[in-house]
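Residue numbering for the sequence shown follows our numbering, beginning at 2 and increasing consecutively. We put the CB at the ideal spot given by N, CA and C, even for glycine. Below is one structure, written out as C-alpha cells, with a few remarks after it.
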Amino acid sequence: MEPQRIDELKVEEVQKPSNRINEDEMNLNENEWEEDCDEADILKDLGLYLAAKTGNLAEFQRILDRVSAADHASFDEILSRCSPAGNAFLHVAAKHGNKDLAIFIAAQKPSLLLYKNSNGETVLHSAAKAGDASMVKALVEIYSQFLLPNNEVDESFNLLREKNERGNTVLHEALLNGWDSVAGYLIKEDPELSYCRNKDGESALYLAAQAGFVDCVSLILRLCTDLKRFDELFKKKSPILAAIKNKDVLEAMVDINPSLIRSRDDEGRNPLHYAALSGHHRISHYLLSLYTGNASRRDKNGQFPIHLAAIEGHVDVVRLLLEYLPDPEELLDRDGRNILHLAANHGRSNVVGFILKNPNLCGLINMKDKCGNTPLHLATMCFHPTIVSALTWNKRADVKLVNDDGMTALDVADYYYKPDNSLSCQLLTLAALRAASTPRSVSGKFASEKKMRIVDLFRDRVSILLIVSTLIATVTFAAGFTIPGCYNNAESDSDSGMVKVLREKAFHVFIFCDIVAMYSSIVVAVFLMWAQVGDFIVMLNALYLALPFFGISLTMMSIAFTAGVFLVVSKLRWLSTVVLAMGVSFLLILIILILPLVFPITSSNRLWRCLSYYPFCLLVLVIKRQITPN
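Structural data, given as C-alpha cells:
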C-alpha cells in the first residue's frame with residue numbers, strides 16, 4: 002500500500018492505544034463480548050451497517066459523523082461495535098469485498114485487525130474468503146505498519162497464522178474458496194503458513210493440490226525448506242492423494258521433488274495406492290512409468306495397490322497392474338486373501354467376472370485365506386448373489402470345499418442367514434448355491450449350532466407355508482361350488498342343475514386349474530405335516546418336495562381366477578380383453594418371481610440351471626439397489 006493512499010483515508014485520525022494490546026483484548030472474553038453486543042450492536046445503526054455492506058465509503062463517513070455526534074461517541078467506540086455474530090464493521094466490509102472501506106476502517110482503528118468473530122475469524126479471514134488480493138495485501142501492510150512496530154501485539158501472535166474454529170488460517174480459507182492469487186501472495190508473505198494444518202488435517206499443499214492450483218503447489222514446494230516438517234505433510238492426508246485427481250499438479254510435484262514418487266503416508270500407502278484406490282487409470286499408468294516398484298509395495302494392512310483397485314471395483318486398473326505383477330497368487334494381504342477374495346467380499350462383480358474369464362488367474366478361484374475361506378465363502382457371507390452365481394457357474398470352482406470351521410458355502414449361507422436383513426439377497430444366494438448342488442458338511446466346529454439355526458429357520462418357514470397352503474385349499478374348494486355362470490334350473494331341460502357355460506373353453510380352464518390348485522395345496526399341507534415329525538432330514542426333504550407343489554398351487558389358482566373373471570365378462574369384448582391381458586401379464590411376473598424361490602432344488606442338471614438362470618438374473622435386477630455394495 003502506498004503511504005499517500007492511507008493519508009487519503011484519514012490515517013491522521015488513528016488513535017493508537019497507549020498500552021500494549023494483551024491477549025484478553027485480542028480474544029474478547031465471552032461474557033464481555035455478549036455485554037458489548039447488547040450495548041453496542043451495529044444493527045442499531047442500520048444505515049451505517051448497510052453502507053459497510055455495500056461499500057459506499059462517502060455514505061459510511063457521513064453516517065459515521067452523524068452517529069458520533071448523536072451518541073456522543075468516538076469513532077473508535079462506534080467502529081468497535083459488533084453484530085450478534087461477532088462481526089465488527091471491518092469484518093462486514095471485508096466479507097463483502099469492499100476494499101476501500103475496509104482500508105479506511107482499519108486505518109481508523111488498526112486493533113480491529115486482531116478481533117475475532119464468533120467463528121474465531123479475524124478480518125483477514127473474511128478478506129481471504131472474499132478473494133481480493135489487493136485488500137488482503139493492504140490489511141497486512143496496515144498490520145505491519147501500525148501494530149508490529151509499536152509492540153502492540155504479543156510476540157507469539159501472528160495475524161497470518163491465526164486459526165478460526167475450523168483450524169483454518171487465512172491461507173486455508175483462500176484455497177478453500179478458490180482464490181489462487183490471494184493464496185500465492187500469502188505463501189510468499191509467510192512460507193511458514195504451508196506447514197499449518199486445520200482440524201481436518203489438511204495442509205495448504207493438500208488444498209492447493211485439491212484445487213488444481215499448479216503455481217501454488219510449485220511455490221510451496223520451492224519455499225518449504227524444512228525437510229522434517231515437509232515430510233510430515235505427507236504423513237496424514239497426503240497431498241499426493243489430492244494430486245491424484247489432477248495430472249498437471251502431480252507432474253509439477255514430481256518434477257520439483259522426484260522423491261515424492263516413493264513417499265508413504267501414515268498408512269504406508271504410496272502414490273500408486275491412491276491412484277488404484279481412486280480408479281484413475283491414466284494416473285496409474287503415469288506413476289508406473291516413473292517407478293514400477295510401487296506396484297509390489299504393501300501398506301500397513303498388507304495390501305498392494307491392486308488389492309485396493311479390486312476392492313473398489315476398478316477393473317481397468319486391475320488389468321493394468323497385472324501387467325507389472327508376475328504372479329498374482331503371491332499377492333496376499335495380511336488375511337491371506339488375493340484379489341478375487343477381496344472383490345468377492347466387497348461385491349465387485351465386474352472384477353470377479355474379469356478374473357474368471359482370464360485363464361492365467363484360474364489359480365485364484367479355489368485359494369483359501371488364513372481362515373480357510375475361498376472367494377465363494379466370502380461372497381456367500383456377504384450375500385452377493387450375482388457373484389455367488391458367477392463363481393458356481395465356473396467349472397473350476399469347487400463348491401465342496403470347507404473352511405477351517407468345517408463349513409461349505411451353503412453352510413455359511415445358513416449360518417449367516419437373518420430373516421430381517423436383506424432377505425431378497427439371502428434367498429437368491431441360497432438359490433444360486435442349491436442350484437449348483439452345493440453340499441452341506443456333516444461335521445464342523447459349528448455343526449450343532451448351525452443345525453439348530455437351520456431347524457429354527459425351516460420350522461418358521463414350514464408354519465408359514467402350512468397356513469398359506471391351507472388358505473389356498475379353502476379358497477379353491479369354495480370356488481368349485483361357486484362356479485361362474487348361473488346354473489340351468491329349467492325342469493324340462495335334461496341338463497337341469499348344470500351350468501350354462503359348460504361347453505365354454507374358459508370354463509374348462511377354470512375347472513382344471515381350480516382342481517389342480519386345490520389338490521396341490523392339499524399335497525403341500527400333507528408334506529408339511531411330515532416336516533413337523535421332528536426329524537431334521539425328514540423336515541428338509543419334506544419342505545423341498547412341498548415347495549414345487551406350492552408354486553403350482555399359487556400359479557393354478559391365479560389362472561383359475563383369471564379364467565373365471567373372463568368368463569363372467571365375456572359378453573363385453575373390450576372388458577374381457579383387458580381382463581385377459583392383465584391376467585397374463587401378472588401371471589408371467591408371478592412365474593418369474595416364484596420359480597427361483599420354489600424350485601431351488603439341488604440338481605446337477607445343466608439344462609435346469611440354464612432355464613433358471615434368466616429368472617435369477619431378472620430378480621437380481623429387481624433388487625439391484627439393495628445388493629449394490631456400499
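By how many angstroms is the C-alpha of residue j removed from the C-alpha of residue i?
i, j, result
"residue 248", "residue 298", "22 Å"
"residue 147", "residue 296", "56 Å"
"residue 402", "residue 340", "19 Å"
"residue 29", "residue 122", "Confidence at residue 29 is low in this model, with a pLDDT of 42, below 50, so the placement of that residue should be treated as unreliable; the coordinate-derived value is given next. About 12 Å."
"residue 394", "residue 437", "7 Å"
"residue 549", "residue 287", "57 Å"
"residue 126", "residue 281", "35 Å"
"residue 50", "residue 103", "13 Å"
"residue 457", "residue 380", "24 Å"
"residue 164", "residue 96", "17 Å"
"residue 556", "residue 481", "17 Å"
"residue 69", "residue 120", "29 Å"
"residue 228", "residue 196", "11 Å"
"residue 464", "residue 343", "39 Å"
"residue 236", "residue 435", "49 Å"
"residue 1", "residue 210", "As shown, the chain starts at 2 and ends at 631. That puts residue 1 outside it, with no answer to give."
"residue 83", "residue 132", "23 Å"
"residue 429", "residue 462", "16 Å"
"residue 534", "residue 542", "12 Å"
"residue 516", "residue 526", "15 Å"
"residue 323", "residue 292", "15 Å"
"residue 359", "residue 178", "47 Å"
Find out if the Cβ-Cβ distance for the pair residue i, residue j is shorter than 7 Å.
i, j, result
"residue 141", "residue 92", "no"
"residue 477", "residue 558", "yes"
"residue 552", "residue 511", "no"
"residue 411", "residue 387", "no"
"residue 532", "residue 519", "no"
"residue 275", "residue 307", "no"
"residue 389", "residue 432", "no"
"residue 467", "residue 529", "yes"
"residue 52", "residue 61", "yes"
Considering Cα atoms alone, identify which of the options is closest to residue i.
i, options, result
"residue 641", "119, 331, 381 and 596", "This structure cannot speak to residue 641, because the chain is shown only from 2 to 631."
"residue 1", "98, 462, 437 and 470", "Residue 1 is absent from the model: the chain starts at 2 and stops at 631."
"residue 114", "100, 208, 89 and 281", "89"
"residue 305", "165, 333 and 316", "333"
"residue 232", "264, 216 and 457", "264"
"residue 560", "275, 389, 70 and 592", "592"
"residue 301", "271, 580, 514 and 395", "271"
"residue 213", "228, 227 and 184", "184"
"residue 208", "586, 170 and 362", "170"
"residue 278", "310, 581, 79 and 262", "310"
"residue 369", "359, 409, 361 and 547", "409"
"residue 460", "44, 400, 536 and 475", "536"
"residue 58", "285, 44 and 101", "101"
Between which residues of its own chain and residue i is the CB-CB distance below 6 Å, once the five residues before and five after are set aside?
i, result
"residue 203", "238"
"residue 584", "563"
"residue 385", "348"
"residue 234", "204 and 206"
"residue 618", "none"
"residue 110", "77 and 80"
"residue 312", "343 and 347"
"residue 200", "167 and 168"
"residue 191", "161"
"residue 180", "132"
"residue 225", "195 and 231"
"residue 48", "64"
Taking DSSP as the reference, what is the three-state secondary structure of residue i?
i, result
"residue 83", "strand"
"residue 462", "helix"
"residue 169", "coil"
"residue 227", "coil"
"residue 232", "helix"
"residue 66", "helix"
"residue 198", "strand"
"residue 264", "coil"
"residue 42", "strand"
"residue 480", "helix"
Can you list, in chain order, the residues of its chain with a C-beta nearer than 7 Å to that of residue i? Leave out the 5 residues immediately preceding and following it.
i, result
"residue 219", "253 and 257"
"residue 538", "none"
"residue 335", "302 and 303"
Residue i: beta carbon under 6 Å from a heavy atom of the ligand COA?
i, result
"residue 524", "Ligands are entirely absent from the displayed structure, and the ligand COA is therefore not among its contents."
For residue i, which residues from the same chain have a beta carbon less than 8 Å from its beta carbon, with the 5 sequence-adjacent residues on both sides left out?
i, result
"residue 392", "345, 353, 357, 366, 376, 377, 380 and 398"
"residue 320", "355"
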